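S.K.:
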Amino acid sequence: MDKINLGSMLEKTRKKSISVLLIAIALLVLAVIPIIIDNDFTLSVFIWIFIYIILGSAWNLIGGYTGQIALAHGVFVAIGAYSAAVLPKYYGITPWLAFIIAPLIAACVGFAISYPTLKLKGHYFAMTTLAFGFVTWKVFLHWDYINGAAGLNIPFKPSFSAMIFSTPDIMYYLSFILAAGTIILFYIIDQSKLGMYLKSINQDEESAENRGINVHKYKVYAMTLSAAITSIGGVIFAQYVLFVDPNLFMEGSLMSIRIALIAIVGGLGTVLGPILGAFVMIPLEEYTRALLGGLGRGFSLFIYGIVIIVIAMYWPKGLADIICRIEKKIKGVYHGKSK
Amino acid sequence: MANRNNDVSNTTIKVQNQEDNKILQIHQLTKRFGGLTALNKVNMHVKKSEILGLIGPNGSGKTTLFNCVTGFYKPDGGQIIFRGEDTTGKRPSDIAKLGISRSFQITRPFDELTVFENMLISQSHKNESIVGTTYTRFDDTTREKADELLKFVEIYKLRDHKAAEISFGQRKLLELACTLMQDPEMVMLDEPTAGVNPTLINKIVDDIVRANEKFGTTFLIIEHNMNVIMGISHRMYVLASGEVLREGTPEEVRNDPKVLEAYFGD
Amino acid sequence: MSMIVQAILTGIIMGCIFSLIATGLALIWGVVEIVNFAHGSFMMLGMYIAYFTSTLLGIDPVLSIPLCAGVLFLWGSASYKIIVTRLLKGKLLMQIFGTFGLMLAMDYGAMALWSPNYRVLENTWFSGSIKIGGYYFGEGQLIASFVSLIILGLVAIFLLYTKTGKALRASADDKVAAVTVGIDSEKMYTYAWGIGSACVGVAGALMTNFFYVHPQVGAIFTFFAFICVALAGFGRIKGIIVAGLMVGVIRSISGFMVAPWTKDVAVFVIFIIILLLRPQGLFMGK
Amino acid sequence: MVDKMKEVDKMENNKNKKRKIFACLIVAMVFSFTLGCISEEKETPAPTTVAPTTAAPEYPEEIKIGCLCPLTGPIPSTGEAQRQAIEFAAWLVNNYVESPVLMCKSEGLENLGGAKVVPVFGDGGCNAQVAQQSAESLVSQNPDLVALYGELCSSATQTVANVAEKYGIPMVNGSSSSPKLTALGLKWFFRVSPHDGLFIRTMFDFMRDMNAEKNAGIKDIAIAYEDTEFGTTSAEVFKEYAVEYGFNIIEDISYSKNTTDVDNEVQRLKAADPDVILMATYAADTILFFKTFEKYDVNIPVIGNGSGFTKAEFLAIPESRYALSRATFTPDMFENMPSAQDLDEMFEERYGISMADWTRDVMAFLVLCDAINRAGSTDPEAIRTALLETNIPKSALIVPWDGIKFDPASHQNVYSAGIVCQALGDPIRMWSVWPFEFAGKELVWPPPPWDQR
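Residue numbers (this note's numbering), protein chains in the order written: chain F, 6 to 344; chain X, 269 to 534; chain B, 150 to 435; chain G, 4 to 456.
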């Protein structure tokens, strides 16, 4: 008994050291990218990757872990983006404050929408969120306070207080840090009781309820949390594009679905998923647009659709699953050696 | 044990003339589905630390009764009092928190999670703050307890297998262990030995008895296997078409013509 | 006053068309229990078929109804066989995104094939408008709503009196039971998809009389079809007509009385409210 | 203790999340390098972020101009046409063409040693985010990028302009019509074509003239517009001018774009019964509206704020006959502009479509090239000054304006103006009907009732 433990302990410590090393290297690389690559486009691709890591991870909490199909996350991105745009414009407050205000608003909205709707199951919830997204879109289009369909432009006046920077490096680091923060948060959640409970809810609500988990309460909590974090992504979004209008976030709830896809492609209910998803999808979209864009007639979106079908049919566990398989193989080999 | 202290703190409402050793009291419980009456004015009680058998032909309302007690069905009439607290129409999770744990007829562990994780989730959720769960992990006492119980039902070796990977009988044992995980006042088992091979049946029976002796846990068991139920239960109720047909010791029940008729008649 | 009546009449006529589109969805939803986001794209396909038969072969859209129905039946059952069967094995999320992908693929595939230009059929048998008792009606809309009602009638008869129809209803009501009494559910599912698509194909053909043809025309109609289905009670074919008329009239009234931009919003708000208050739908007992 | 260790150890084994994280970070690294390489390939020794002062060799071989068109998104075909217009303009500059029109006689940019103009195209997608991304990409993939041109949709143009501001690159736009673009006081953004403000002024001038010369007696007007940036901005200007010109708006309809029907909208218009209906709609809804006008026998003159009204899809339906619209140009105007007509023929034979809808873009691109040429260098400041000094006579234009000259503050072409045209003839196409002096066809006012068409 003890011997095994000691053995595994040793193995674990070895793993740990390797892991620490790997993380260190990866962080280092990502940290020096702006220095080694002075190509703004590449940086901007990375910034988008980081933003979508935030959004995807946030969706993953409600969609992946809890298994509730929320299709209104574009609304929460919009909340974040608009609060970033509105604060300086109307109140002369620095958009940095949006990092606090936006999540609060988003959380409230998220709670308000999810508390009643999460009583419904499966596609009922999906449909309601979809409809909610549509209504919000139309309301934003006719809401004079936020300049309706015309949208809000954030003038390009670089300054720290305005959270606008003349070079993309700082934006890169900002989004990088936020993304890293999100990942850490979701790693903690994944390991926490909450993560476990949400997974159990996803698998069998009745059984979870029977085990003494208040399913509805946890679902609503997950949605609220998810909404809040999504809005943080929205703030960066606005500060980077420097322009917000309702169509950008809510037209045909395309963004909501895009966010969900990031998590799905990567792998649902895993910390790794959205990260992989973002690192694959965003560059892919960039380059397909460059390649197929010339063909016009939305050919790239045709491909996009096919890809979605294929994923849904043959690959529902996403990229993370494959990584795990490879990992298991390696592990197996390792054990084989050790014995 | 832990639940003993909770016991003191939790006993709030005292229902009049409640004998202290009655842990669960069911008054006039009625449940209808559209036309048919699944439960008709059922009266019964469970004494502390007893093993109570609940038998009856198919469709006699046994599982319906379970679902009413655990809050999955809202009863159409009557009252359920658990440890002096009226639990009628409460949320299943709240009832579970009060110390009733229940196993399903068809086992329902979380297939994607490992056996060990299944155990952890089944821990008691008493006074657990939802926000707190965001950053807290399962503490060592819980983990040790989970291991203890896994050892207790002797599936410790499967600890890190996904629940989907283990055999049917092992799932039964897992469910049993899960129900014991949350220091329950009362465990409700729905056909714990259905579809289990004889050796494992003995094991399960043995586990139940041991749990009852070791932790003084109260058991309320639905069972079709007469030998098993007669063997372990201290007292029995017989349900037939939604009504209590007979109450008494296994011997009394065994020798009651009405019961035989209910089972084998027509 | 008369304008309000006019508005209501318009709503009723649109309602009939909505309910035809919704019937297809309800059938699919009821039997196969899957949300078909590509439903509108199926309609789009029907519209293009009608358009091309009319422009290339000079066949009036009304005559090309059988063709549309046939082609869409095949297309529907094919997409079931090829894609949906597999999706059904997966989680609900995958089903939703699968059909959504199908929608994207169909819409933009159509765009790549037939360009994103808006096409309009001119001087078909039923174009222009007529005035009945001081109220205006588009001939296209009128005939569409009439045919819609006829088709709905046919579907109802089919479901109520034919063997297959009964089998379909059985599997819509209770899968397990249906299987136990020996109904081939696979076959039923395929039928449901075929017939559902055929309905929406017919709707497409009728629409070409008064609506432009465009790859992305479907989405908004899908939404309204969803709403009708939700109002009638998910998966129930009963009450679809009433639901359709309700949607039509609500839109028309709010559009005319409140403000045009609110007409869609109003419907969606009501949809949400109803989902919250009566998830089982308006026209169903508990 | 041993138990503790065991627990921790097991916990480690429970999940391989930790290692998943590493895996992801490895992926991150891989991607960063690949992307790095991708970009490296395209990079030249010159520093990548455009610092033209450094990156300005004496006479560059070619002058790269980043052009954004909505090649994907809602209006890809329009984007394709815009791309052709730009290509055509570049061809005019690079080759000797016997025509008085600006930059046609030159072969390349003479003041830069005959350097050739090379438009580098990017997809704007008619979407703010896509446009910004593509602009970023163009700027950093082409360190020697001299100027930016485009987009078509105002919201997309907005973000491209932001990029131009960020990097200090001169930018010219030929077809976005949102007034706010030139209202922001951007340093590097110039617009040749009129914005909705000016266009709508044209519409109101027309109505005033109608009252004055043809005593049409227009008083009450109704406005209908889609709930998009284009629609709402137009509506604001409509209301503003209605006050200024002393018309009163009796019905104000904002409807949701690409809806299933516009019956209620039309019913309300009919109920209000104004003298004129002003509309700001895209093609799809314009088609629906006119079909519905016929359905409800609405016989009120309709003046559109361009967009859908001038689209071929709309003109293809018989209901479009007698529809009025503002425009920059109509094919018939080529007849009193021989120089433009020649170019139109060339354009037609190259691309098989008339240049009419695209004279704005061709002109605007020529203006940009002319400015670079006059600047005689690729230094953005120089080009910017050149643009500010722009003063092109009527004779060198292919658009019916009095010239091209940018307002020093707003950078909006002060001479740009629109015309009013009407769908007439058979097959139906747009004919200029106002200003009356050089109308291509006689205005039909009011349009005959539907049953007599």
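Backbone N, C-alpha and C fix where the C-beta goes; we use that ideal spot for every residue, glycine too. This structure is a prediction, so every number in the text was calculated from the model and none was measured.
Is residue 330 of chain X closer than 7 Å to residue 322 of chain X when the C-beta atoms are compared?
M.R.: Yes, they are a contact pair.
S.K.: How far does the beta strand (DSSP E) with residue 228 of chain G in it reach, from first residue to last?
M.R.: Per DSSP, residue 228 of chain G belongs to the beta strand (DSSP E) from 223 to 229.
S.K.: What does the alpha-carbon distance come out to for the pair residue 287 of chain F and residue 44 of chain F?
M.R.: Answer to the nearest angstrom: the Cα atoms are 17 Å apart.
S.K.: With 9 Å as the C-beta to C-beta threshold (strictly closer), list the residues of the region 373 to 393 of chain X near chain F in chain order.
M.R.: Listed by position along the chain: 376, 377, 378, 379, 380, 381, 385, 386, 388, 389, 390, 391, 392, 393.
S.K.: What are the boundary residues of the alpha helix (DSSP H) that residue 237 of chain G is part of?
M.R.: Looking at the DSSP string, the run of the alpha helix (DSSP H) that includes residue 237 of chain G is 232 to 248.
S.K.: How would you label residue 325 of chain B, buried or exposed, when you count the other beta carbons within 10 angstroms and need 16 or more for buried?
M.R.: It is exposed - the Cβ of residue 325 of chain B has fewer than 16 other Cβ atoms within 10 Å.
S.K.: For chain F, find out if any of its Cβ atoms is closer than 7 Å to the Cβ of residue 361 of chain X; answer yes or no.
M.R.: Answer yes: the Cβ-Cβ gap between residue 361 of chain X and chain F drops below 7 Å somewhere.
S.K.: Might you give, ordered along the chain, the residues of its own chain that have their beta carbon closer than 8 Å to the beta carbon of residue 39 of chain F, omitting 5 neighbours on each side?
M.R.: Excluding sequence neighbours, residue 39 of chain F sits near 48, 173, 174, 177, 178.
S.K.: Any contact between the region 366 to 379 of chain X and the region 446 to 456 of chain X? By contact I mean 3 or more CB pairs, one from each, below 8 Å.
M.R.: The answer is yes - the region 446 to 456 of chain X touches the region 366 to 379 of chain X, with three or more Cβ pairs under 8 Å.
S.K.: Relative to the C-alpha of residue 248 of chain B, which residue among B:416, B:382, B:389, B:177 is closest?
M.R.: Of the listed residues, the one whose Cα sits closest to residue 248 of chain B is B:177.
S.K.: Can you pull out the residues from the region 170 to 203 of chain G whose beta carbon lies closer than 8 Å to at least one beta carbon of chain F?
M.R.: Within the region 170 to 203 of chain G, the qualifying residues are 181, 183, 187.
S.K.: Confirm, please, whether the CB-CB distance from residue 250 of chain G to residue 224 of chain G is below 7 Å.
M.R.: Yes.
S.K.: Candidates X:512, X:340, X:377, X:349: which alpha carbon is nearest residue 359 of chain X's?
M.R.: Looking at the Cα atoms, X:340 is the closest of the given residues.
S.K.: I'd like the list of long-range same chain contacts for residue 347 of chain B, defined as Cβ closer than 6 Å, with 5 residues on each side in sequence excluded.
M.R.: Around residue 347 of chain B: 218, 221, 222.
S.K.: Which residue's Cα is closest to the Cα of residue 350 of chain X: X:303, X:290, X:403, X:325?
M.R.: It is X:290.
S.K.: Taking only the alpha-carbon atoms, compute the straight-line gap between residue 458 of chain G and residue 206 of chain B and give it to the nearest angstrom.
M.R.: Residue 458 of chain G lies beyond the residue range present for chain G, which begins at 4 and ends at 456; the question has no answer from this structure.
S.K.: Compare the Cα-Cα distances from residue 141 of chain F to each of B:350, B:426, B:418 and report the closest residue.
M.R.: Residue B:418 is the option with its Cα nearest to residue 141 of chain F.
S.K.: Buried or exposed: which applies to residue 273 of chain G, given that a residue is buried once 16 or more other Cβ atoms fall within 10 Å of its Cβ?
M.R.: Under this definition residue 273 of chain G is a buried residue.
S.K.: For the alpha helix (DSSP H) that contains residue 352 of chain G, what are its first and last residues?
M.R.: Run containing residue 352 of chain G: 341 to 354, per the alpha helix (DSSP H) assignment.
S.K.: Between residue 428 of chain G and residue 216 of chain B, what straight-line distance do the alpha-carbon atoms span, to the nearest angstrom?
M.R.: Answer to the nearest angstrom: the Cα atoms are 37 Å apart.
S.K.: Just to confirm the assignment: which complete beta strand (DSSP E) runs, minimum length 3, are found wholly within the region 196 to 269 of chain B?
M.R.: For the region 196 to 269 of chain B, not a single whole beta strand (DSSP E) run of length 3 or above is found.
S.K.: What residues in its chain sit with their C-beta under 7 Å from that of residue 51 of chain G, if we drop five residues either side in the sequence?
M.R.: Confidence is the limiting factor: at residue 51 of chain G the pLDDT is only 40, short of 50, which leaves the residue's position unreliable and the question unanswerable from this model.
S.K.: Taking residue 336 of chain G as the reference, which of G:373, G:233, G:400, G:105 has the closest Cα?
M.R.: Taking only the C-alpha atoms, the option nearest residue 336 of chain G is G:400.
S.K.: Is the shortest distance between the beta-carbon of residue 205 of chain F and the beta-carbons of chain X less than 7 Å?
M.R.: At least one chain X Cβ lies under 7 Å of residue 205 of chain F.
S.K.: Can you name the residues of chain G whose CB is closer than 8 Å to the CB of residue 155 of chain F?
M.R.: Within 8 Å Cβ-Cβ: 181, 183, 232, 235, 236.
S.K.: Quick check on this structure: which residue in F:151, F:279, F:119 has the alpha carbon closest to the alpha carbon of residue 187 of chain F?
M.R.: Among F:151, F:279, F:119, the Cα nearest to that of residue 187 of chain F is on F:279.
S.K.: Indicate the three-state DSSP secondary structure (helix, strand or coil) for residue 474 of chain X in the structure shown.
M.R.: Here residue 474 of chain X sits in helix by DSSP.
S.K.: Step through the CB atoms of chain F and report whether any lies within less than 7 Å of the CB of residue 341 of chain B.
M.R.: So, not an interface residue.
S.K.: Under 8 Å between beta-carbons, which chain G residues line up against residue 143 of chain F? List them in chain order, please.
M.R.: Near residue 143 of chain F (Cβ distances below 8 Å), the residues of chain G are 230, 259.
S.K.: With a threshold of 7 Å between beta-carbons, can residue 5 of chain F be considered close to chain G, or not?
M.R.: A query on residue 5 of chain F cannot be resolved here, the shown segment of chain F reaching from 6 to 344 and no further.
S.K.: In the DSSP assignment, the beta strand (DSSP E) including residue 425 of chain G goes from what residue to what residue?
M.R.: Note, residue 425 of chain G: beta strand (DSSP E), 422 to 427.
S.K.: Would you mind reading off the limits of the alpha helix (DSSP H) that contains residue 350 of chain B?
M.R.: First-last of the alpha helix (DSSP H) with residue 350 of chain B: 334 to 356.
S.K.: Does any heavy atom of the ligand ATP sit closer than 6 Å to the C-beta of residue 407 of chain G?
M.R.: Ligands displayed in this structure: none; no statement on the ligand ATP is therefore possible.
S.K.: Give, in chain order, every residue of the region 119 to 150 of chain G whose Cβ lies closer than 9 Å to some Cβ of chain F.
M.R.: Residues 124, 125, 126, 128, 130, 131, 132, 133, 135, 136, 137, 139, 140, 141, 142, 143, 144.
S.K.: Compare the C-beta of residue 330 of chain F with all C-beta atoms of chain X and state if any pair is closer than 7 Å.
M.R.: Not an interface residue.
S.K.: Against chain G, with Cβ distances strictly below 7 Å, would residue 341 of chain F count as a contact?
M.R.: The predicted position of residue 341 of chain F is uncertain, since its pLDDT is 49 and thus under 50; a value taken from the coordinates is nonetheless stated next. Closer than 7 Å: no.
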